Every structure is written in structure tokens, then in C-alpha cells.
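Please read the structure below before turning to the comments.
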Amino acid sequence: MSDTVRCRIAPSPTGDPHVGTAYIGLVNFAWARQNQGRFILRIEDTDQERSTRESEAAIFEGLRWVGLEWDEGPDVGGPFGPYRQSERTDIYREHALRLVRSGAAYPCFCSPEELERIRQRQRSLKRQTGYDGTCRSIPKDEAMARMAAGEPHVIRLRVPEGVTIVHDRLRGAVEIDNGQIDDQVLLKSDGFPTYHLANVVDDHLMGITDVIRAEEWINSTPKHLMLYRAFGWDPPRFAHMPLLRNKDKSKISKRKNPVSLLYYRQIGVLPETMRNYLALLGHSMPDEREVFELDEFVREFSFDRISLGGPVFDVEKLLWLNGVRIRAMDAATLAGRIQDHLYALPRIASLVPMAQERMRTLGDFVDVTSFYLVAQPRVDPTEALGTLKGKTVQEARDLLATTIEWLDGVRVWDQASVETALRSLAEEAQVKTGELFSLVRVAVSGRKASPPLIESLVLLGRAMTSQRLRHLLDQWKSLP
RNA sequence: GGCCCUUUAGUCUAUCGGUCAGGACACAAGACUCUCAAUCUUGGGAGACGGGUUCGAUUCCCGUAAGGGCCA
């Protein structure tokens, strides 16, 4: 194995850049830097349905914002590219075939209906469900011939009997019974790889020496080890970091917590605060210091100092830390930072046309756009309720919850999509468009009068919009 | 439901068998102050439970419980 440490993060571009990605990224970054290694960004966009270039760009932006510069990646290149999985499908297909030839994998011709029947039978017998291995026993020659003839198929891993031992750097040996694992699909019928195949092939081909990822992957590590073995490759070292949590201890999610890096940037959290705070979760410095810089973390990071209980992401403490860091700056530096924050926000300039016709003095700009600049405007829950005439509190809550759902479902956050979502929701829910709009307006701006709603929402961004609607919903929940 | 992981205060954590169980956020009280914030002082609050091992367990082992994750 090469002795240069190579670490990677491999986010899927299916939404806003996530604090969890930054968290895992930070650890990978620290380990790579501490060992004079390389930190690589790979984009796992094999889910064509959900992946967007918009989201990919946002991930680049978010990760750069927290200060995690990568040495190799789709946008900066590198010797092991391409770094975008959608551009590597031939590689996966070739590798899947290689396993079929060696017998470690086999084509499966079962139709979705047959698979469903198998599952039904298993369920009625109260057996563990999973592929029953019907196509396992098709002789290789016949199987190859049927593939060549173009019969629809997937390629499955032939999972052997026995147990697989995962050597996790943080937990030691973890034993998992292979009986627990299905004959995994490696290549789907459309020729696209599944996560497991692509991940292992890429990690190997990109020379990854240390896989540091979230704990949710620990149970699939045996599959990965089987693949390494089937290919005859040495596996990397594994470390599974604890999962960030919501206040209720469930895995952190946007339903219960703002998770977008762009959201935190937008409310004015400093990037150094964000990385500092993330470095406090699940890891401690030898002298217990809590305020420190990235280079100190790189120097002091150690797997020995990781605690495995999943830490709750506490926005209160994040903001306290941000205050500490703001107060520690000299006034001139802070002035510069404030200016950068207010004027370097990518879309701030587009606020001007909206504000312009509502301004009589330059200072009015601040008033007209304050809802955009502030972390959370004050919203009067009773006033917000007043926008919906004749609705009970419960009805109002339901409508707001539905609105949140619909807006979360908007694929691309632009003028047309947001407007369509809101208008069709009004129709569906049989609410006057005007009423729905003014509800959203009050929730988002705290005022009955504001610049045009849809433009405002687009500028606020989806995370901020969603967060503010949820905030009002929370306020409503504590209403009588 | 099966498997895996985890378990110190509301939250983040320290402790690598012997500590008055330490620190931070939050909370409360006081001081300072035109107010607020900041700051300082003080305070309450923790080893999930039950068994072992040991002279001695928060710490090691087993069981239970709870939380979480993955697969379905």
C-alpha cells in the first residue's frame, strides 16, 4: 500500500451542502494534512434523478466557505480523475463484468415481479427478506450468453457464508454475520452502479488509504470488504465517526434543524466558527481548549480523542462561540468582515432593484431589506395567524406544515418553480393565493408589507425560507 | 422485526482502577451599568440499572434497559 495518506469525502449533490458533510470533511482534512497526505473530493452523482449541478456547485461553495480546500476534485482535477461518478460508468461496468468472469458476482435475470413474489413468500413465512439466490446457480456460460443476447439483468455479488470482521479504528473488531447480507446488486439494469460498487471501485482506483465516514455506513462495510477481496485489493483503514444528532437525538435532518452550510453563512456565522464548533463535536483537545484555529486542530487531532456518543448539534453553543470570536477581533477587522458579509453575499446586489422603489432615502434600504439580513426577524404568531381568515389554529398549522413540505419538494430553487409550487398548493388546499402569500410573507419577513414575495424567497434561499416557516410553526405549536 | 453501534448534568465534553467526578454552553442569583449586551462572582445539576472481577470501580467483563443507525 502506498504510504501517502489519501482521504476523501464523497457527497451526493442532492441538496444544500450539509453540516454533516463538513463535519466528516473536517476530520478527513485534518487526518490528511496531519500526515502530509491528500484530501480528495469526489462527487457521487449516480442517482441521476436527484443529482443536480446546482447542488454540486453549492457543495463546492459550502466546503470552500468552511475552509476545507481539496487537493483533487471535479473542479480542480488531479491524477485519478474523473472525480464525478457519472463520468465513470464505463469503469464500473467493466469491473462488475470482471467479477462475473471470476465468479464473485453473477447476473440476475429475475424481474421486479418475481422479486416481489419472493419477498411476499418470505414475509408470509416470517423469514428474513432478501434475494433468495435463484440466479446464483445458472451456469456461467449460460449466464454470459443470456447477457450477451441482451436479456435484461442486474449484476449481484455472490455473498459467501460466514462472518466478516470489520476492523474499525475507533471500535476495534466488529463482527457481522454474512447471513445478514443480501446478494447485493452491484450494477443496476440500466447499467448504473449501486453505491457500494462505485464507492469501492473509486476508493481503490483513487488510492484512498483511510476511509473516514459516518457511522451509518458501518453495517455496509462487510459488503465493501467482500468487494475488495473479490477484486484482490487491499482494503483501506476504516473509521466510523459518530453521527450528528437533532435535539431529540435522531440523526440530524433538515426537518428538525437547519443543516445547510449556506444557511449558517447567511445568518452570519463565521466560517472559522463553524469549523471550530464542528471540531468540538465528538473530539476534544488535549488541554480541553474550546476556541482554536484550524491549524491547531490539524496538529492535535487524534483518533484516540474521539468519543463515540452521537453529539447533538447545538445551535446555541455555535452562536456563543461565534460571539466569542466576533468579540476577539479588533474593530477594523470586524468592520471589514461585516462589509464582506453584507456586500459579498452573492445575491445581495439583486436586493437593490426590489428595494429601490420602496426607498426615499438610502437608509431606507436597511429597513426594507432587514428581513433578509437578519438571522431571524421577529414574527408575531397572532398576527401571522390573522392572515388566514376564518381558519382555526389547527387548520393554520396544517396549511403551514403542508407549505413547508411543498417548498422542500421544489427541485430547483428558482422563481418559476417556487411560484408554481405556491400557486398549485393554494389551489390544492383551497386557499386564496393572496392569503397563502401573505402568510408566507409574514412568516418570512415578520411584516405584512414586503418586497415581492417570490423574489424574496428565491433570494433568501431554500434553507432560510424553510427554517423561518418552521420557526413560525413552532411558535404556533405553543399557541393555545 | 433482524443485526450493529452507543450510554458522565438539558447540551458538548475531561477522567486512560484510587479525583471533593473537572471544564464549556444553557439556566438561576449577585456585582458592574442609564438600558441591553459583554464581563466577573456565586449556585443548582451527572457516572442508565443489575450483577460480577478487584483491597478499590464512572473506568474492565456479563446481562437488562434506553437512545441511535443499517437492512427489510
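Numbered according to the numbering used here, the first sequence spans residues 6 to 485. Positions of the beta carbon are idealized from the N, C-alpha and C atoms, including for glycine. Computed from a predicted model, the values in this text were never measured in an experiment.
Practice item. Name the residue from Gly414, Gly196, Gln381 whose alpha carbon lies nearest to the alpha carbon of Gln271. Key: What you label residue 271 is simply residue 266 of the first sequence in a count that begins at 1. When each option's Cα is compared against that of Gln271, the closest is Gln381.
Point to revise | Gly287 classed as buried or exposed, judged by whether at least 16 other C-beta atoms fall within 10 angstroms | key: Residue numbering aside, residue 287 sits at position 282 when the first sequence is read from its first letter. A residue is called buried when at least 16 other Cβ atoms come within 10 angstroms of its Cβ; Gly287 meets this threshold and is buried.
Point to revise | Whole-angstrom distance between Asn327 and Ile343, CA atom to CA atom | key: Along the first sequence, one-based indexing puts residue 343 at 338. Along the first sequence, one-based indexing puts residue 327 at 322. Each residue's CA atom was taken as its position, placing Ile343 and Asn327 some 13 Å apart.
Review point. Counting pairs of Cβ atoms below 8 Å between the segment 254-267 and the segment 297-305, do you hit three or more?
Key: Not touching, per the Cβ criterion.
Exercise for review: Tell whether a beta-carbon distance below 8 Å holds between Asn262 and Phe318.
Suggested key: Here residue 262 refers to the residue found at position 257 of the first sequence. Here residue 318 refers to the residue found at position 313 of the first sequence. Phe318 sits close to Asn262, with the two beta carbons spaced by under 8 Å.
Practice item. Please name the residue, chosen from Gly395, Trp411, Arg383, that lies closest to Arg473 on a Cα-to-Cα basis. Key: Against the first sequence, residue 473 aligns to sequence position 468. Comparing Cα-Cα distances from Arg473 to each of Gly395, Trp411, Arg383, the minimum goes to Arg383.
Review point. What is the rounded straight-line gap between the Cα of Ser255 and the Cα of Ala37?
Key: Position 250 of the first sequence, counted from the first residue, corresponds to residue 255. Position 32 of the first sequence, counted from the first residue, corresponds to residue 37. Near 30 Å, if we compare the C-alpha coordinates of Ala37 and Ser255.
Review point. Based on Cα-Cα distance, which residue from Leu104, Arg416, Gln125, Arg176 lies nearest to Gln189?
Key: On the first sequence, residue 189 is found 184 positions in, with the first residue counted as 1. Checked all of Leu104, Arg416, Gln125, Arg176; the closest Cα to Gln189 is Leu104.
Point to revise | Cβ separation of Gly212 and Phe85, assumed to be a contact under 8 Å, to the nearest whole Å | key: If you number the first sequence from 1, residue 212 lands on position 207. If you number the first sequence from 1, residue 85 lands on position 80. About 6 Å separates the beta carbons of Gly212 and Phe85, which is inside the 8 Å limit, making them a contact pair.
Point to revise | Element boundaries [alpha helix (DSSP H), containing His209] | key: What you label residue 209 is simply residue 204 of the first sequence in a count that begins at 1. For His209, the enclosing alpha helix (DSSP H) has its first and last residue at 200-210.
Check your understanding: Would you report the Cα separation of Lys482 and Asp173, rounded to the nearest angstrom?
Key -> As a working note, residue 482 is residue 477 in the first sequence. As a working note, residue 173 is residue 168 in the first sequence. Those two C-alpha atoms are separated by around 43 Å.
Review point. Do Leu46 and Ile14 come within 8 Å of each other at the CB atom, strictly closer than that value?
Key: Position 9 of the first sequence, counted from the start, is the residue given in the question as residue 14. Position 41 of the first sequence, counted from the start, is the residue given in the question as residue 46. Result yes, Cβ atoms of Ile14 and Leu46 sit closer than 8 Å.
Check your understanding: From this set, Glu66, Gly315, Gly395, Val216, which residue's C-alpha is nearest Pro22's C-alpha?
Key -> For this step, residue 22 is matched to residue 17 along the first sequence. Residue Glu66 is the option with its Cα nearest to Pro22.
Check your understanding: How about Gly29 and Ile217: are their beta carbons less than 8 Å apart?
Key -> Along the first sequence, read from residue 1 onward, the residue named residue 29 stands at position 24. Along the first sequence, read from residue 1 onward, the residue named residue 217 stands at position 212. Correcting the residue type first, residue 29 is Ile in the shown sequence and not Gly. Contact: yes.
Exercise for review: Let me know if Val379 comes out buried or exposed under the rule of 16 or more other beta-carbons within 10 Å of its beta-carbon.
Suggested key: For this step, residue 379 is matched to residue 374 along the first sequence. Flag for Val379 reads exposed.
Exercise for review: Taking Asn183 and Val205 to be in contact with their CB atoms under 8 Å, please state how far apart those CB atoms are, rounded to whole angstroms.
Suggested key: Here the question's residue 183 lines up with position 178 in the first sequence. Here the question's residue 205 lines up with position 200 in the first sequence. At roughly 17 Å, the Cβ-Cβ gap does not stay under 8 Å, so Asn183 and Val205 are not in contact.
Point to revise | Burial state of Ser494 (16 or more Cβ within 10 Å) | key: Absent from the model: residue 494. The displayed extent of the chain is 6 to 485, so no value can be given.
Exercise for review: Compare the beta carbon distance of Ala27 and Val71 with 8 Å and say whether it is the shorter of the two.
Suggested key: As a first step, residue 27 must be located in the first sequence, where it is residue number 22. As a first step, residue 71 must be located in the first sequence, where it is residue number 66. Going by beta carbons, Ala27 and Val71 fall inside the 8 Å limit.
Review point. Between which two residues does the alpha helix (DSSP H) carrying Leu404 extend?
Key: The count along the first sequence starts at 1 and reaches residue 404 at position 399. Its alpha helix (DSSP H) spans residues 398-413.
Review point. In terms of residue numbering, what span does the alpha helix (DSSP H) encompassing Pro227 cover?
Key: Position 222 of the first sequence, counted from the start, is the residue given in the question as residue 227. 226-236 is the extent of the alpha helix (DSSP H) around Pro227.
Practice item. Please classify Glu77: is it buried, with 16 or more other beta-carbons within 10 angstroms of its beta-carbon, or exposed? Key: Walking along the first sequence from the start, residue 77 turns up at place 72. With a threshold of 16 other beta carbon atoms within 10 Å, Glu77 meets it and is buried.
Exercise for review: Have a look at Gln39 and Leu192 and give me their C-alpha separation to the nearest angstrom.
Suggested key: Reading the first sequence from its first residue, position 34 is the one you call residue 39. Reading the first sequence from its first residue, position 187 is the one you call residue 192. So the alpha carbons of these two residues sit roughly 37 Å apart.
Review point. For the candidate residues Ile143, Glu277, Lys322, whose alpha-carbon lies nearest to that of Cys113?
Key: Here the question's residue 113 lines up with position 108 in the first sequence. Nearest option by C-alpha distance: Ile143.
**Study point:** Any alpha helix (DSSP H) of 4 or more consecutive residues that is wholly inside the segment 20-77
**Key:** With a minimum length of 4 residues, the continuous alpha helix (DSSP H) runs that stay inside the segment 20-77 are 24-39, 58-70.
Practice item. Put Ala110 into one of helix, strand or coil per three-state DSSP. Key: Here the question's residue 110 lines up with position 105 in the first sequence. For Ala110, the three-state secondary structure derived from DSSP is strand.
Point to revise | Inter-residue spacing [alpha-carbon to alpha-carbon] between Lys453 and Leu462 | key: Sequence index remark: in the first sequence, residue 453 carries index 448 (1-based). Sequence index remark: in the first sequence, residue 462 carries index 457 (1-based). Their backbone Cα atoms lie some 15 Å apart in a straight line.
**Study point:** Environment of Pro157 [buried if 16+ CB atoms lie within 10 Å]
**Key:** As a working note, residue 157 is residue 152 in the first sequence. Classification for Pro157: exposed.
Exercise for review: Apply the 10 Å Cβ neighbour rule to Tyr348 and answer buried if 16 or more other Cβ atoms are within range, or exposed otherwise.
Suggested key: For the purposes of this step, residue 348 is taken as residue 343 along the first sequence, with counting starting at 1. With a 10 Å radius around the Cβ and a threshold of 16 neighbouring Cβ atoms, Tyr348 comes out exposed.
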